[in-house]
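These notes are about the structure you will find just below.
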Amino acid sequence: MPELPEVETIRKDLKKVLLNEKINEIVVNNPKVIKEPSLKKFNQLLIKSRVIDIFRRGKLLVLGIEKSGEKYFFAIHLRMSGQIIYGQKNIKSRVSFKLSNNKWLNYNDQRLLGVLRVVRDWQNLSVIKKMGPEPLGKEFTQSEFKQRVSKRKGKIKSLLLDQTFVAGIGNIYAAESLFLSGINPQRRADTLRDNEIKKLFDSIRKVLAEAIKYRGTSFSMYRDGHGEGGKFLNRLFVYGRKGKSCLKCKTPVRRIVLAGRGTYFCEKCQS
DNA sequence: CGGGGCTCCTGTGCGC
DNA sequence: TGCGCACAGGAGCCCC
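Just so we're aligned, residue 30 is where the first sequence starts under the working numbering, counting upward by one.
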């Protein structure tokens, strides 16, 4: 569900309310989402710990925590249906944390696909070690992007979804970036011309930055740190608009399946 | 390396 | 109303 802009919105929301709070109580209603370490150890490490940092890498949200002089990282991947909502206790949550200010941090996850971990070194997580560049960061440059794209034989849309290639892009923003750049999602990456790759590079950054500005896209499950929806939904050009007319040329938007994922595009605007 | 299929889950919406 | 199927902001795994 949440892609980079959604996770970033949650991060910013939580940063305002979570820093320096202590976790005083943990209620685990479904241990399945806790992947590392054991449930017992997970509870032990988090209880009475203090939140000292909150950051994001790709779609991964990380809380830096401190417990009796030791530093740990609470890494949260929301996958398809995860939510982290600050406020009142939610009895439907998979895991809830009671904070020292008597508020609750609820981890909700309808489909139970999310992953919670507590580790000593977040940079040592395999997802992090394999993860591609942060698309809004300085290390993401047009020239290295162009070089890497032009070497790949797979479909450009699959490549954008590959977290080891670029971090944080998911199904919505892959579709929107490709629409803005006028590129058909089925194109082989190595057939893109230089000006198309440049356009794609710019579009990725533009779409992600805009989506952050509008606090993400709420199709159904996504909620920000306070349980509110994002406002980017009505700024989407193609995602979820099958059969509706293209906002640029009025041609009906098509939906196909690529690598098992719904893929939306305008045949006329994207070639 | 690339692609397809399947899997982990729960829930909703649609056609018949 | 009921049933079965498709589909859902993700990603890892196996196999060809």
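Yeah, the Cβ is synthetic: ideal placement off N, Cα and C, and Gly gets one too.
Keep in mind the model is a prediction, meaning the values are calculated, not measured.
- CA-to-CA, the gap between S232 and G289 works out to about 24 Å.
- G87 and C278 have their C-alpha atoms some 33 Å from each other.
- Of the other Cβ atoms in all chains shown, 16 or more fall within 10 Å of the Cβ of A196; this residue is therefore buried.
- Counted as a single uninterrupted DSSP element, the alpha helix (DSSP H) harbouring I241 occupies residues 223-242.
- The alpha-carbon of L33 is positioned some 32 Å away from that of S97.
- Taking the C-beta atoms as reference points, V267 is found nearer than 9 Å to F208.
- With 16 or more other Cβ atoms from the protein chains shown falling within 10 Å of its own Cβ, E205 counts as buried.
- In this structure, L43 sits near G254, with a CB-CB distance shorter than 9 Å.
- Under the 10 Å beta carbon count, E50 is surrounded by 16 or more other beta carbons and is classified as buried.
- With a cut-off of 8 Å on Cβ pairs, the segment 161-168 is in contact with the segment 217-237, counting three or more such pairs.
- Straight-line measurement puts the Cα of R146 at about 6 Å from the Cα of K64.
- One alpha carbon belongs to H106, the other to I55, and they sit about 19 Å apart.
- DSSP places N137 in the uninterrupted beta strand (DSSP E) bounded by 133-138.
- K184 and Q215 do touch by the CB rule: their CB atoms are close to 6 Å apart, below 8 Å.
- Pairing G161 with N135 gives a Cβ-Cβ distance that is not under 9 Å.
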